[in-house]
Amino acid sequence: GGGATVRITYYKGKEDAHRIVSDIVSNGAIADSFLLDIFNPEIAEQNISLDNWIPTHLYYFATPFIFSGVSGRFSTKLFRNFCDYYVTGFVNIINQMKNFDIRRIFYPSTIAIEELPENMGEYVAAKIAGEALCSFLEKSHPHLKIHRPRLPRLATDQTNSIFPVENQDPAPILLNELRKFRDLIEND
193 GGGATVRITY
203 YKGKEDAHRI
213 VSDIVSNGAI
223 ADSFLLDIFN
233 PEIAEQNISL
243 DNWIPTHLYY
253 FATPFIFSGV
263 SGRFSTKLFR
273 NFCDYYVTGF
283 VNIINQMKNF
293 DIRRIFYPST
303 IAIEELPENM
313 GEYVAAKIAG
323 EALCSFLEKS
333 HPHLKIHRPR
343 LPRLATDQTN
353 SIFPVENQDP
363 APILLNELRK
373 FRDLIEND
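Going by the working numbering, the letters in the sequence shown line up with residues 193 to 380, in that order.
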């Protein structure tokens with residue numbers, strides 16, 4: 193690897209996180225995993241403090257189920273749920289991690305902001321709010337840089353469907369964005 197010490201977080205996918213950690217470690221890198229509840233981030237700080245690991249980068253992928261809207265209708269309840277993840281949960285983690293030296297954040301956004309699917313108004317509005325929060329955080333914390341690429345629909349557990357839909361392979365897209373993120377860091 194590139195010399196990073198990696199920590200994978202999970203909320204529900206403990207076994208998946210352990211498999212990823214095993215794969216990373218079997219390839220010669222250093223990794224571990226721990227429970228992270230974005231609505232109760234104090235647990236994460238306790239876990240991080242236990243092994244003297246000091247994070248410098250954050251890759252924020254927390255999300256609820258995203259395909260739950262009704263075409264042409266806007267649900268304030270669903271919008272609040274998305275905001276809980278993309279705004280409130282995100283700022284909870286940032287505030288909780290302020291004692292660490294986090295200076296770089298990867299915050300994936302969505303191309304749906306530009307496409308405006310009729311059944312995803314709540315998701316899009318919350319992602320726009322998340323992007324605005326990222327801009328605010330960068331402005332109020334000049335040392336902080338947040339890469340927020342607008343990703344296309346990727347093949348994930350969330351996008352599996354019995355209906356024919358186009359999901360792109362996440363590996364090359366994320367690798368490209370992670371390289372851009374790395375380049376932003378190196379050119380800073």
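Just so you know, even glycine gets a beta-carbon here, dropped at the ideal spot from N, CA and C. In this text the structure is predicted, and so the values were computed from the model without any measurement.
C-alpha gap between Thr280 and Asn379, whole angstroms: As a working note, residue 280 is residue 88 in the sequence shown. As a working note, residue 379 is residue 187 in the sequence shown. As the crow flies, the alpha-carbon of Thr280 is around 30 angstroms from that of Asn379.
So Ile200 is in the alpha helix (DSSP H); what residue range does that whole segment cover? Counting from 1 along the sequence shown, the entry for residue 200 is found at position 8. It is not in any alpha helix (DSSP H) - Ile200 instead sits in the beta strand (DSSP E) that spans Thr197 to Tyr202.
For the alpha helix (DSSP H) that Tyr315 lies in, which residues bound it at each end? Locating residue 315 in the sequence shown gives position 123, counting from the first residue. Element bounds for Tyr315: Gly313 to Ser332.
Would you mind giving the Cβ-Cβ distance between Ile338 and Tyr299, rounded to the nearest angstrom? I have them listed as a contact below 8 angstroms. Position 146 of the sequence shown holds residue 338. Position 107 of the sequence shown holds residue 299. At roughly 5 angstroms, the Cβ-Cβ gap stays under 8 angstroms, so Ile338 and Tyr299 are in contact.
Do Leu336 and Leu346 count as a contact pair if the criterion is CB distance below 8 angstroms? Looking up residue 346 in the sequence shown gives position 154. Looking up residue 336 in the sequence shown gives position 144. Result no, Cβ atoms of Leu346 and Leu336 do not sit closer than 8 angstroms.
Indicate the three-state DSSP secondary structure (helix, strand or coil) for Thr302 in the structure shown. Within the sequence shown, residue 302 is the residue found at index 110, counting from 1. Under the three-state reduction of DSSP, Thr302 is assigned to strand.
Same chain, Cβ closer than 6 angstroms to Glu323, five either side skipped, listed in chain order: Within the sequence shown, the letter at position 131 stands for residue 323. So the qualifying residues of the chain are Ser301 and Arg340.
Nearest-angstrom Cα separation, counted from Glu314 out to Ser304: Here residue 304 refers to the residue found at position 112 of the sequence shown. Here residue 314 refers to the residue found at position 122 of the sequence shown. It is Ala, not Ser, that sits at residue 304 in the sequence shown. In this structure, the CA atom of Ala304 is about 11 angstroms from the CA atom of Glu314.
Can you tell me whether Phe266 is helix, strand or coil according to DSSP? Position 74 of the sequence shown, counted from the first residue, corresponds to residue 266. Reduced to three states, the DSSP call for Phe266 is coil.
Taking Ile222 as part of the beta strand (DSSP E), name the residues at either end of that continuous run. Taking the first residue of the sequence shown as 1, we reach residue 222 at position 30. Looking at the DSSP string, the run of the beta strand (DSSP E) that includes Ile222 is Ile222 to Leu227.
Within the continuous beta strand (DSSP E) that includes Leu370, where are the two ends? Translated into positions along the sequence shown, residue 370 becomes position 178. Where Leu370 is concerned, there is no enclosing beta strand (DSSP E), although the alpha helix (DSSP H) it sits in stretches over Pro362 to Glu378.
In terms of alpha-carbon separation, which member of Ala221, Ser225, Asn368 and Val316 lies closest to His210? Within the sequence shown, the letter at position 18 stands for residue 210. Ranking Ala221, Ser225, Asn368 and Val316 by Cα distance to His210 puts Ser225 first.
Same chain, Cβ closer than 8 angstroms to Val316, five either side skipped, listed in chain order: Start at 1 with the first residue of the sequence shown, and residue 316 comes out as number 124. In chain order, Thr302, Ala304, Ile305, Leu308 and Pro309 place their CB closer than 8 angstroms to the CB of Val316, counting only its own chain and leaving out the 5 sequence neighbours on each side.
Do you know offhand how far Tyr251's Cα is from Ile297's? The sequence position of residue 251 within the sequence shown is 59, counting from 1. The sequence position of residue 297 within the sequence shown is 105, counting from 1. Distance between the alpha carbons of Tyr251 and Ile297: 6 angstroms.
Which partner residues does Phe211 have in the DSSP bridge list? Taking the first residue of the sequence shown as position 1, residue 211 is located at position 19. The question names Phe, but residue 211 is Arg in the sequence shown. None; Arg211 has no bridge partner.
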